[in-house]
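Residue numbers (my numbering): 1 to 305.
Every residue, glycine too, gets a C-beta built ideally from N, C-alpha and C.
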């Protein structure tokens, strides 16, 4: 179910970046996902004649990016924003990797030490949804929490990347929401994946903003707003392990592939650490936003079983 509004689409179009890679559908045929470029203030260029999905687009590397940039600079056959629905920018990545306890201020509120090396876990492609889609609250959990996160999108396949070379393997960034069932995550055995990888628990989007369009990825404000109340408000300058360090570390353990999604951790203000705690409930509307990247708006609804 999508609640995406025309206002959201215009918000997307007037952000400053020149190249924003999107997955979208036409409102006249919502069943078919398409690859495109969002042209600020003008509309969407459809690239689907050349690419079946975003993962295939990214696998084509620099050639595909050059086509996208040319389309943004000299757009032809533009689709109106009112005629499209923006989807999650990539819905079939090979991997969805998430980093825990990676903000200095979040570790402090959680009464935990920054680990000596990154702590990571996984979500699944089935967790991914886009802007306007519904976060389903499962009956197995009564403590579903919110987490705004910067998300890295990998652009090239590689193993054992040096820290100083890491940006060469990143195509761009997007906004992420690491929805988390705390009672499942912290139950006996503390299985983080059990509380993190549920269906709809990884909203991402609305677009992949190419890395060259971001002034400083380590100085971006990020916020989570639930029902109009700001619950998280921090900056990526609080990252304990920065973007190149994370990419290098993970690549030593497994091969990173085009389209891989890396959630980089969340700042303070999460629900379980509040007194009293705040958890998402049926009817809530959660917004996560990051400067220069955009925002996601997702309604919350109890899952019907």
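Could you please give the first and the last residue of the uninterrupted beta strand (DSSP E) stretch that includes residue i?
{"i": "residue 34", "result": "29-39"}
{"i": "residue 285", "result": "285-290"}
{"i": "residue 207", "result": "202-210"}
{"i": "residue 263", "result": "261-263"}
{"i": "residue 136", "result": "135-137"}
Which residues in the same chain have their Cβ closer than 8 Å to the Cβ of residue i, if we skip the five residues on either side of it in sequence?
{"i": "residue 113", "result": "107"}
{"i": "residue 89", "result": "21, 22, 23, 54, 130, 153, 174, 204, 205, 206, 207, 208"}
Is it the case that the Cβ atoms of residue i and residue j are separated by a distance below 8 Å?
{"i": "residue 220", "j": "residue 146", "result": "no"}
{"i": "residue 159", "j": "residue 169", "result": "no"}
{"i": "residue 226", "j": "residue 187", "result": "no"}
{"i": "residue 163", "j": "residue 262", "result": "no"}
{"i": "residue 280", "j": "residue 184", "result": "no"}
{"i": "residue 241", "j": "residue 102", "result": "yes"}
{"i": "residue 76", "j": "residue 260", "result": "no"}
{"i": "residue 68", "j": "residue 37", "result": "yes"}
{"i": "residue 277", "j": "residue 109", "result": "no"}
Sorted by chain position, which residues of the same chain lie with C-beta nearer than 7 Å to residue i's C-beta, five sequence neighbours on each side aside?
{"i": "residue 182", "result": "143, 145, 195, 272"}
{"i": "residue 27", "result": "83, 84, 85"}
{"i": "residue 284", "result": "226, 227, 300"}
{"i": "residue 252", "result": "160"}
{"i": "residue 167", "result": "211, 244"}
{"i": "residue 121", "result": "98, 100, 192, 193, 196"}
Would you decide whether residue i is buried or exposed? Buried here means 16 or more other CB atoms lie within 10 Å of its CB.
{"i": "residue 266", "result": "buried"}
{"i": "residue 165", "result": "exposed"}
{"i": "residue 149", "result": "buried"}
{"i": "residue 264", "result": "buried"}
{"i": "residue 70", "result": "exposed"}
{"i": "residue 298", "result": "buried"}
{"i": "residue 282", "result": "exposed"}
{"i": "residue 215", "result": "exposed"}
{"i": "residue 270", "result": "buried"}
{"i": "residue 295", "result": "buried"}
Which residues bound the alpha helix (DSSP H) around residue i?
{"i": "residue 110", "result": "Looking at the DSSP string, residue 110 is not in any alpha helix (DSSP H), and its letter there is neither H nor E."}
{"i": "residue 243", "result": "243-253"}
{"i": "residue 182", "result": "182-185"}
Quick one: residues in its chain with C-beta nearer than 6 Å to the C-beta of residue i, no 5 flanking neighbours on either side, listed in chain order?
{"i": "residue 91", "result": "128"}
From the beta carbon of residue i, is the nearest beta carbon of chain D less than 8 Å away?
{"i": "residue 103", "result": "As a matter of chain content, chain D is missing from the structure shown, which is built from one protein chain."}
### Query
Is the region 226-242 touching the region 189-201 in the sense that three or more CB pairs, one from each, lie closer than 8 Å?
No, the region 189-201 does not touch the region 226-242.
### Query
Between the region 54-64 and the region 72-83, do three or more beta carbon pairs fall short of 8 Å?
Cβ pair count under 8 Å is below three, so no.
### Query
Taking contact to mean at least 3 C-beta pairs separated by less than 8 Å, is the region 171-178 in contact with the region 204-211?
As far as the Cβ criterion goes, the region 171-178 touches the region 204-211, which means the pair count is three or higher.
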